[in-house]
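Q: In this text, residue positions in the sequence shown follow the working numbering: the first is -17, and each later residue adds one. I have a structure I would like to understand better, so I am pasting it below and will then ask my questions one at a time.
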Amino acid sequence: MIKSPRGTSDVLPPESAKWIYLEGIVREVARRYNFDEIRLPTFEHSELFSRTVGETTDIVEKEMYTFKDKTGRDLTLRPEGTAGVARAFVEHGMASGPLPRKFYYLGSMFRYERPQAGRYREHRQFGVEIFGSPSPHSDVEVITLAMDIAEELGLTGTELYINSIGCPKCRGPYKEALIAYLTPHIDELCEDCRSRLTRNPLRALDCKSERCKALVAGAPSSLDYLCGECKEHWDRFREILTAVGIPYTVDKSLVRGLDYYTRTVFELKWPPLGPAGSTLCGGGRYDGLVEQLGGPPVAGVGFGMGLERMLLANEKGEKPIQAGGEIDVFIVCPKGGEGEDKGFEREARLQELARAFRRKGLRCDFDPLQRSMKAQMKQADRMNARFVVILGEDEFRSRSASVRSMRHGWQKTVPIEEVLATIEEAGQNG
Ligand code: HAM
């Protein structure tokens, strides 16, 4: 038997109904914040990620699904969304249009990671990006957007962690300080951190190895090395958060595992999910990214949100999404007897009636296999039908049908032209 690859998952009904609901919520909240959807390729030139996410990050070094196409192009299934959006922003000359531009995206991301609860090789992500606003108001705006989604999904008690990792100007002295701090402990660092020490010492700060974690606990903080402008941005950012009543924790070790970040970095966590998967979303500023991809200097800020994690959290939270649910109408129409010309005329009526319901927006079904009355009533029950319409031989002979409310137990026989009106009248409560 061929199974789905490790770290991927099939979303089957009724679970898929939860996804539709979740995607509806994230789209709706994005709409309220005036973000527009952007749809981009699932694979890009590998160079896009190595140049922006960074050569010395776990994502690029270990986790990318990279392949050569038939003409030898070096391509990669996108491990994240920001680089692609920035690429499209530059490619389509959007910097010369009106700014800021606000985008959101939904889609699969691919990372060769060790699969565990809340961590997969293909995960689905919702992300937002704002281009052209260096203002800390935009940092707060994306954070409140993420929090509003969490709230809509019944997640109370989310925790916001923030930090600032400065700009390339303050990054230089900070890197030096980090290297000076880590060098005496070089033998205690894991192999990755040792090899990245001089090129990218910040990576040691988000290393997953327990020994590195213990070591970096006492490392210098980027906050002590911020240049004047970055410090001002950081102060203003926190002032706005406080002014709008968003509690936060400053986490000096938060650097995030992607190299394009500048200044603000943040993560929104929901502790009941447990340590491995508790980060619902992560994001930050990337003021140098557009320029790095050949565009003019345009600031950026955004986040990515893991949708599997949002669903896992939702199940444990206060407003679990109800999947599957019910159908509005099931039409029971068993096969005709000998005397009824096999019931062909009645069957045609069945199709017509079903279509009339569907065109009115009702979710309607019938049994195409035309099993017995008893079997079809069972089917209606299993589908949790609100109404059953019985189109039996007797009813049809008198040009009528019986309408039964499964919730309230009443049943009426009405002329066939009045079936739809009867159900509409009974409405949602019927
Ligand atoms: P990231 O932190 O790598 O950031 O991913 C964002 C979110 O995607 C995580 O917080 C997590 O919820 C989810 N996620 C990541 N990897 C996995 C996985 N293997 N399995 C399940 N969920 C996962 C980024 O990707 C940045 N592009 C975010 C961003 C946008 N920054 C600025 N703009």
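A virtual CB, placed ideally from N, CA and C, is assigned to each residue, including glycine.
(1) Roughly how many whole angstroms lie between the Cα atoms of I303 and C152?
(2) Can you name the residues that DSSP bridges to I313?
(3) Checking 7 Å against the spacing of the C-beta atoms, do T39 and D347 come in under that value?
(4) Suppose you measure from the CA of E327 to the CA of L402; what does that come to, to the nearest Å?
(5) Between which two residues does the beta strand (DSSP E) holding V42 run?
(6) Going by beta carbon distance, what residues of the same chain come within less than 6 Å of A68, once the five residues before and after it are set aside?
(7) Are the Cβ atoms of G284 and V124 separated by less than 7 Å?
(8) What is the residue span of the alpha helix (DSSP H) that S90 lies within?
(9) Taking 6 Å as the cut-off, is the beta-carbon of T64 closer than that to any non-hydrogen atom of the ligand HAM?
(10) Using only the alpha-carbon positions, how far apart do F113 and R341 sit?
(11) Terminal residues of the continuous beta strand (DSSP E) containing M287?
(12) What three-state label does DSSP hand S32 in the structure shown?
(13) Hey, could you find the ends of the beta strand (DSSP E) S382 is sitting in?
(14) Exposed or buried, which one is V(-7) when buried takes at least 16 other CB atoms within 10 Å?
(15) For L491, count neighbouring Cβ atoms within 10 angstroms of its own Cβ and tell me buried if that reaches 16, exposed if not.
(16) Distance, Cα to Cα, P166 vs R238?
(17) What are the boundary residues of the beta strand (DSSP E) that L250 is part of?
(18) What is the DSSP secondary structure of S146, reduced to helix, strand or coil?
(19) Between which two residues does the beta strand (DSSP E) holding K394 run?
(20) Residues in its own chain within less than 7 Å of S235 by CB, not counting five upstream and five downstream?
(21) Determine the extent of the beta strand (DSSP E) in which F25 is found, giving its start and end residues.
(22) When you compare the region 126 to 139 with the region 93 to 102, are there three or more beta-carbon pairs, one atom per stretch, that lie closer than 8 Å?
(23) Alpha carbons only, please: which of F339, N145 and F25 is nearest the one belonging to T231?
(24) Just the Cα atoms here: how many angstroms apart are L294 and E329?
(25) Report yes if the CB atom of L250 is closer than 7 Å to the CB atom of F108, and no otherwise.
(26) Output the distance between the C-alpha atoms of I147 and G227, rounded to the nearest integer angstrom.
(27) My guess is that R291 and G100 are in contact by the Cβ rule of under 8 Å, so how many angstroms apart are they, rounded?
(28) Within its chain, find whatever has a CB closer than 8 Å to the CB of P279; leave out the 5 residues flanking it on each side and keep chain order.
(29) With a threshold of 6 Å, establish whether the CB of E211 neighbours any heavy atom of the ligand HAM.
(30) Start and end of the alpha helix (DSSP H) containing F71?
(31) Starting from the Cα of T58, find the closest Cα among L30, A70, K394 and H74 and give me that residue.
(32) Between P118 and the rest of its own chain, which residues show a CB-CB distance below 7 Å, the 5 nearest in sequence each way excluded?
(33) Thinking C-alpha only, which one of P183, L344, G282 and M355 is nearest V314?
(34) Could you tell me if H74 is buried or exposed, where buried requires 16 or more neighbouring beta carbons within 10 angstroms of its beta carbon?
(35) Once the 5 residues before and after L205 are set aside, which same chain residues still bring their CB inside 8 Å of it?
(36) With a threshold of 6 Å, establish whether the CB of T261 neighbours any heavy atom of the ligand HAM.
A: Straight from the coordinates:
(1) 46 Å
(2) F348 and V371
(3) no
(4) 19 Å
(5) Premise fails: V42 is in no beta strand (DSSP E) and is neither H nor E.
(6) L271, V272 and L275
(7) yes
(8) Looking at the DSSP string, S90 is not in any alpha helix (DSSP H); the run it does join, the beta strand (DSSP E), is R83 to F92.
(9) yes
(10) 42 Å
(11) G282 to G288
(12) helix
(13) S382 to S387
(14) exposed
(15) Here the chain covers residues -17 to 412 and nothing more, so residue 491 does not appear.
(16) 24 Å
(17) T244 to K251
(18) strand
(19) Q393 to P397
(20) L187 and V198
(21) F25 to H27
(22) no
(23) N145
(24) 44 Å
(25) no
(26) 24 Å
(27) 5 Å
(28) D269, G270, V272 and E273
(29) no
(30) T64 to E73
(31) L30
(32) H215, R218, F219 and I222
(33) M355
(34) exposed
(35) N145, S146, W216, V232 and K234
(36) yes
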